[in-house]
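This report refers to the structure that appears directly beneath it.
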Amino acid sequence: MKPGIWLTAQREWQRIRQDRWVFALTVWLPPLFFVLIWGIFHVGIPQDLPIAVLDQDHSPLSRDLTRRLDAAPSLQVAYQADDLAQGMHLVRSGKAYALVVLPYRLDTDVKLHLSPSVMGYYNSQYVLIGKVINTALQTTIVTKATELNAQIHVARGENPYQAIGQALPLRNQLTPLYNIGLNYVPFLVTAVVPALWQIFLITVVIAALGLELRDSNGRAWLQSANGCLGAALAGKMLPYGLWFALHGALFLWGMDVLLGWRIAGSIPLLLLAQWLTIGAYVAMGTLLYCTSFHYGRAASAGAAYTAPAFAFMGITFPLADMPGFARFWSDIIPISHYMQVQIQQMNYAASWRISWQAMLPLLAFWLMIPPALWLLRVKLRKTGGMPV
1 MKPGIWLTAQ REWQRIRQDR WVFALTVWLP PLFFVLIWGI FHVGIPQDLP IAVLDQDHSP
61 LSRDLTRRLD AAPSLQVAYQ ADDLAQGMHL VRSGKAYALV VLPYRLDTDV KLHLSPSVMG
121 YYNSQYVLIG KVINTALQTT IVTKATELNA QIHVARGENP YQAIGQALPL RNQLTPLYNI
181 GLNYVPFLVT AVVPALWQIF LITVVIAALG LELRDSNGRA WLQSANGCLG AALAGKMLPY
241 GLWFALHGAL FLWGMDVLLG WRIAGSIPLL LLAQWLTIGA YVAMGTLLYC TSFHYGRAAS
301 AGAAYTAPAF AFMGITFPLA DMPGFARFWS DIIPISHYMQ VQIQQMNYAA SWRISWQAML
361 PLLAFWLMIP PALWLLRVKL RKTGGMPV
């Protein structure tokens, strides 16, 4: 390492220690938010979601269905509605996430083989809750319907095993290969934490440059690197890179050791991907600042660039089904490429060759450093921070 880089890094660390806000953004706020995110989602599997039941039949069958709904792990029959208006009010007010209507003549129509409908109303704007409730309702109703159908065949004198086969001629066996328990913690936390990590990272990169050139013309900064602008930028970003590399390593250690979400693949490969991602955000943050040389505007641009990243990672919605602009936005955000490597290594234990193909786009972001340095050199010459 060039002496100028080390001296500039020491100088930057002193500046970080003197600025409480930058120190917080760099040192302790990222891990604090990581723990906060885990605390929000630590339950993992939604349970006992309150629903309302409107029993219009008051028959043994309707009461049995009510008990089965309440026994479902993800549901809790918290309200017994007197009429449809009251039940819908409970859903609209947020007290209940769904309303299940057991209609008049339910038991009678089943005995007459008329296939009555059990109606469920839920707010689909709550995507996760709606999916959980919909699955629980379908499972409960289908299970009971299969039992009733089997009882009919047994009553006709058929063998019980044959009756079950007649009631359910085809069965599906779905086996999740990863996240077997359908736990939302490893699904969401492993994506939300990197999304926050990259926001903090680009924020401190822009803050480092913005505060430096706001408080001076950059001459002292450049002199600490013996007049070499490349060494000055590398030294300034080195403390931030080291701290965020530490945060990334702690994140992987926490997942693998503390939480028991075993990383199936290569941890060194993941660490390398994190380093490439850090360099990519240093390049993009520097370029964003150097296009305006205005701290406030650059910080706003950085927020607009990184804040929507979670939606474009392809975690909660498949990239293949996104429109062209959404896929383009995903391509120009470094964290999207890092997430591909993380998923490949955490779940699939992919080979280095496969993951390296996902990491190559991260190197492309590093190509933004030369134009950013050129803009920075022009600015410093205008302000007198660098000799012409």
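The numbering of the sequence shown is UniProt numbering, which starts it at 1 and goes up by one. Glycine included, each C-beta is placed from N, C-alpha and C at the ideal position.
For Y338, there is no enclosing beta strand (DSSP E); the enclosing alpha helix (DSSP H) has its first and last residue at P334 to I343. Listed in chain order, the non-local C-beta contacts of L229 below 8 angstroms within the same chain comprise L222, L373, L376, R377, L380 and M386, local neighbours out to five positions each way being set aside.
Pairing Y97 with I45 gives a Cβ-Cβ distance that is not under 8 angstroms. In the three-state reduction of the DSSP assignment, A232 falls in the helix class, which pools H, G and I. A direct Cα-to-Cα measurement between N226 and W13 gives close to 18 angstroms. In the DSSP annotation of this structure, the continuous segment of the beta strand (DSSP E) that includes V100 starts and ends at A98 to L102. Annotated three-state conformation of L363 is helix, per DSSP. Straight-line spacing of the CA atoms in D48 and A304 works out to 37 angstroms. Going by DSSP, G227 is part of no alpha helix (DSSP H) at all; its letter is neither H nor E. P50: member of the beta strand (DSSP E) spanning L49 to D55, first to last residue. Within the model, the alpha-carbon separation for W356 versus Y348 is close to 14 angstroms.
Between Y122 and Q56, the alpha-carbon positions lie close to 19 angstroms from each other. Relative to the Cα of V341, the nearest Cα in the group V91, L84, I315 and D83 belongs to I315. Just so you know, the alpha carbons of Q198 and V205 end up roughly 11 angstroms apart. Segment contact: the segment 64-77 against the segment 24-34, fewer than three CB-CB distances shorter than 8 angstroms; contact not assigned. Around the beta carbon of A309, 16 or more other beta carbons sit within 10 angstroms, so the residue counts as buried. Look at Y126 here: in three-state DSSP terms it is coil, with no helix or strand label. In the DSSP assignment, Y295 falls within the unbroken alpha helix (DSSP H) covering Y295 to T306.
The segment 105-123 makes contact with the segment 84-94: 3 or more CB pairs, one atom from each, lie closer than 8 angstroms. Counted as a single uninterrupted DSSP element, the stretch harbouring Y178 is not any alpha helix (DSSP H), since DSSP gives it neither H nor E.
Counting every other CB atom within 10 Å of its CB across the protein chains shown gives H337 a total of 16 or more, marking it as buried.
Within its own chain, the residues whose Cβ lies closer than 6 angstroms to the Cβ of A232, once the five positions on either side in sequence are excluded, are T8, W221, L222 and A225, listed in chain order.
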